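Engineer: Structure below; questions to follow.
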Amino acid sequence: MKQDSRNNKGVSPLLSPHDITRLLLVPVSQCISDDYPWVSNDEALIDKHLNDVCTQVIHQTDTQSRIEWEHYGSGYASFVDAWFYKNTPDFNAKHPIRYGEEHTGLTVLLSRLSPYFVLMESEKRWDVHGGEAGESPALEKVDRFDTPVVEALSQQVQAVLEKCGLIRVYKEQLVSPLPTSIHVQTLFTESDFTQFDALFYWED
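Its first residue numbered 134, the sequence shown is counted upward by one per residue in my numbering.
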């Protein structure tokens, strides 16, 4: 399985203790960037910016998308879950279960609280009646690609995002455990929280 090949020796954790505190503030988390639009702490403004960025990705990479803007229907997601694919045979799901449309593609988690994003491969399935199934984001999936066309797409998408001022972060920067005194309200992880959980969480 192909993964990011960079050596993780000597890699510093991405987030400072102050960053983690701001990201997990209750009842309202705080952005950790002085860059616009995150410095505004205005979610509507940030989502509009990310929507513009995703539109550029779609146009410049000639992809289709399924993007989750509504916090998975309830609660609060600290990120936008953007998924890009092409409606071509090489993006077909590896293990189809005849669930209508079935594709493999590129998941991009776009932080609402910072300019950071991560990349991973995932599959989605949906039908004409609106039903949808997909994979939940997870630390172990970050930077992992099984399908050459998805890995190639990740490089194209990364280039567009970086031109828009966003910053890719890698698994090795997010694996550091959080202090045991910190509990992240997220449906993705039950215990042993890491910096990934502090940056990309969904509480419901």
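Where a beta carbon is used, it is the ideal one built from N, C-alpha and C, also for glycine. Keep in mind that this is a model prediction, so the values were computed, not measured.
Run through DSSP, which three-state label would Ser162 get?
Structural biologist: Coil.
Engineer: Between the beta-carbon of Gly238 and the beta-carbon of Trp216, is there less than 8 Å?
Structural biologist: The answer is yes: Cβ separation under 8 Å.
Engineer: Considering only C-alpha positions, which residue in the set Val213, Lys227, Arg301 is nearest to Val282?
Structural biologist: Out of Val213, Lys227, Arg301, Lys227 has the C-alpha closest to the C-alpha of Val282.
Engineer: Please report the Cβ distance between Leu148 and Gln328, rounded to the nearest whole angstrom; I am assuming they are in contact, meaning their Cβ atoms lie under 8 Å.
Structural biologist: Leu148 to Gln328, Cβ: 5 Å. Contact.
Engineer: Could you check the C-alpha separation between Gly208 and Asp337 for me, to the nearest Å?
Structural biologist: Answer to the nearest angstrom: the Cα atoms are 4 Å apart.
Engineer: Return no unless some Cβ of chain B is closer than 8 Å to the Cβ of Ala215.
Structural biologist: Considering every chain present, this structure includes no chain B. It has just one protein chain.
Engineer: Might you give, ordered along the chain, the residues of its own chain that have their beta carbon closer than 8 Å to the beta carbon of Ile191, omitting 5 neighbours on each side?
Structural biologist: Hits under 8 Å: Gln197, Ser198, Phe217.
Engineer: Considering Glu235, what are the terminal residues of the beta strand (DSSP E) in which it resides?
Structural biologist: Run containing Glu235: 234–244, per the beta strand (DSSP E) assignment.
Engineer: Compare the C-alpha of Leu332 against each of Leu178, Thr154, Ser287 and name the closest.
Structural biologist: The candidate whose alpha carbon is nearest that of Leu332 is Thr154.
Engineer: In terms of residues, what are the limits of the alpha helix (DSSP H) holding Asn295?
Structural biologist: Looking at the sequence shown, residue 295 is not Asn but Glu. From DSSP, the alpha helix (DSSP H) with Glu295 extends over 281–296.
Engineer: For the 8 Å Cβ check, are there 3 or more pairs between the segment 316–325 and the segment 283–293?
Structural biologist: Touching, no.
Engineer: Using 8 Å for Cβ pairs, my map puts Thr194 next to Val293. What's the rounded Cβ distance?
Structural biologist: Contact flag correct, Cβ pair sits at about 7 Å.
Engineer: Could you pull out every unbroken alpha helix (DSSP H) segment of at least 4 residues lying fully inside the segment 304–334, listed in chain order?
Structural biologist: List check, alpha helix (DSSP H) in window: 304–307, 328–332.
Engineer: How many Å lie between Thr280 and Arg301 at the Cα?
Structural biologist: Thr280 and Arg301: Cα-Cα distance of roughly 20 Å.
Engineer: With distances taken from CA atoms, which of Glu256, Gln163, Val161 is nearest Lys219?
Structural biologist: Residue Glu256 is the option with its Cα nearest to Lys219.
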